[in-house]
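For reference, the structure discussed in these notes is given below.
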Amino acid sequence: MRKINMERIKVFIFDLDGVVYLGNQLVPRADEVIDKINKLGKKVYFLTNNSTRTRNEYVKKLKNLGIKAIPDIIMTSARATAIYLSQIKNHANVFVIGEKGLQKELTTSGFKVTNKNDTQSLVDFVVVGLDRFFDYEKLTFALHHVIKGAEFIATNDDASLPTETLPLPGAGSMVAALTACTSKKPKIIIGKPNPFGINLILQQENCSPTQSVMIGDRISTDIQAGKKAGTSTILVKTGAGLEELAKYNNTKNMDLIIDSIKDLEKFL
Ligand SMILES: [Mg+2]
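Shown next as structure tokens:
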């Protein structure tokens with residue numbers, strides 16, 4: 077493990093679930109640590125693969141947990157997907173397997189989200205994210221749009237979502253369903269481990285990767301994304317952290333491993 081020079085760090089990028097909170101429970105003292113980072117004049121961002129919520133909903137959730145945030149510092153895979161698609165084709169027609177967060181990001185970025193009953197419009201992109209109302213009909217429409225030439229894009233590829241009890245199927249399960257019937261893989265998977273979201277944050281802050289750190293509980297997504305973007309990386313043992321350490325048994329991509337976000341305080 078390398079050492080992080082915390083004084084050089086200007087932008088702190090936190091994964092949310094498993095790092096800042098566990099479900100609806102704040103990780104103890106996460107609020108105080110984030111407050112302290114803000115008071116030092118450094119920037120805090122939140123980067124999540126979950127595309128179901130809007131950024132305003134995240135702001136509200138964080139506020140309820142005692143953490144101040146504005147939509148601009150929240151980068152969801154839905155937001156990153158909307159930005160990515162804008163770079164390819166503005167005002168395109170999009171068919172979405174996904175929830176409110178994804179649909180809202182796409183419509184506010186000027187995309188036309190095609191209704192599943194609209195079989196006439198030619199669709200440019202089929203965007204697949206976590207959809208708890210996923211069904212055979214949506215999959216059929218997605219398949220037909222891809223056959224007619226739409227580009228298959230995935231917000232993220234997480235196989236499952238941890239909960240306090242048993243896991244739930246993640247966006248990756250819906251991506252796999254469309255891959256199975258189209259025999260195509262997504263053209264791009266926007267969420268972590270893709271560094272795309274981190275790169276957007278660094279551009280927004282005009283910050284070099286060496287002056288930023290990615291803090292996460294998953295080696296295969298958070299730490300990989302940080303590594304690819306060239307940021308420093310910190311693994312926390314909350315959330316999936318401990319399990320991940322046992323599973324990968326490899327600490328070479330992390331600069332620091334801490335029990336919890338609260339332990340960041342002594343490095344600030
Ligand atoms: Mg996490």
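Number 142 in the numbering used here belongs to position 66 of the sequence shown; there are no gaps in the numbering. Idealized CB from N, CA, C, for every residue including glycine. Computed from a predicted model, the values in this text were never measured in an experiment.
{"query": "Contiguous alpha helix (DSSP H) assignments of at least 4 residues, all confined to the region 189 to 272", "result": "212 to 223, 247 to 258"}
{"query": "Gly177 Cβ short of 8 Å to ligand 1 heavy atom set", "result": "no"}
{"query": "Cβ-heavy atom distance, Leu206 to ligand 1, below 8 Å", "result": "no"}
{"query": "Buried versus exposed call for Ile334 [16 or more other C-beta atoms within 10 Å across all chains shown]", "result": "buried"}
{"query": "Tyr212 burial status per 10 Å Cβ neighbour count (16 or more: buried)", "result": "exposed"}
{"query": "Reference Leu278; option with closest CA among Leu123, Asn81, Leu102, Asp111", "result": "Leu123"}
{"query": "Inter-residue CB distance, Thr195 and Ser127 (contact presumed, cutoff 8 Å)", "result": "Not quite, the Cβ-Cβ distance comes to about 25 Å (not below 8 Å), so this is no contact."}
{"query": "For Lys224 and Gly317, the rounded distance between their alpha carbons", "result": "42 Å"}
{"query": "heavy atom of ligand 1 below 8 Å from Leu92 C-beta", "result": "yes"}
{"query": "Three-state secondary structure (DSSP) of Ser54", "result": "Residue 54 falls outside the range modelled here, since the chain spans only 77 to 344, and no answer is possible."}
{"query": "Assigned secondary structure, Met82 (DSSP; H/G/I helix, E/B strand, else coil)", "result": "helix"}
{"query": "Contacts around Asn132, its chain only, beta-carbon distance under 8 Å, and the 5 residues preceding and following it disregarded", "result": "Pro147"}
{"query": "Sufficient close CB pairs (3 or more, under 8 Å) joining the region 169 to 185 to the region 91 to 109", "result": "no"}
{"query": "Per DSSP, cross-strand counterpart(s) of Ser308", "result": "Val289"}
{"query": "Ala235 beta carbon near ligand 1 (any heavy atom closer than 8 Å)", "result": "no"}
{"query": "CB of Val87 within 9 Å of CB of Gln287, strictly", "result": "yes"}
{"query": "Leu206 and Asp234 closer than 9 Å at C-beta", "result": "yes"}
{"query": "Closer than 8 Å: Asp194 CB and nearest ligand 1 heavy atom", "result": "no"}
{"query": "Span separating the alpha-carbon of Asp247 from that of Val199", "result": "As written in the sequence, residue 247 is Ala, which differs from the Asp given in the question. Looking at the two C-alpha atoms, the distance is approximately 21 Å."}
{"query": "Given Val204 as reference, the closest of Lys165, Gly117, Ser236, Ala252 once Cα atoms are compared", "result": "Ala252"}
{"query": "Closer than 8 Å: Phe129 CB and nearest ligand 1 heavy atom", "result": "First, the amino acid is wrong: residue 129 is Arg here, not Phe. Result no, Cβ not under 8 Å from ligand 1."}
{"query": "Any non-hydrogen atom of ligand 1 closer than 8 Å to Ala156 Cβ", "result": "no"}
{"query": "Assigned secondary structure, Ile113 (DSSP; H/G/I helix, E/B strand, else coil)", "result": "helix"}
{"query": "Buried versus exposed call for Ser308 [16 or more other C-beta atoms within 10 Å across all chains shown]", "result": "buried"}
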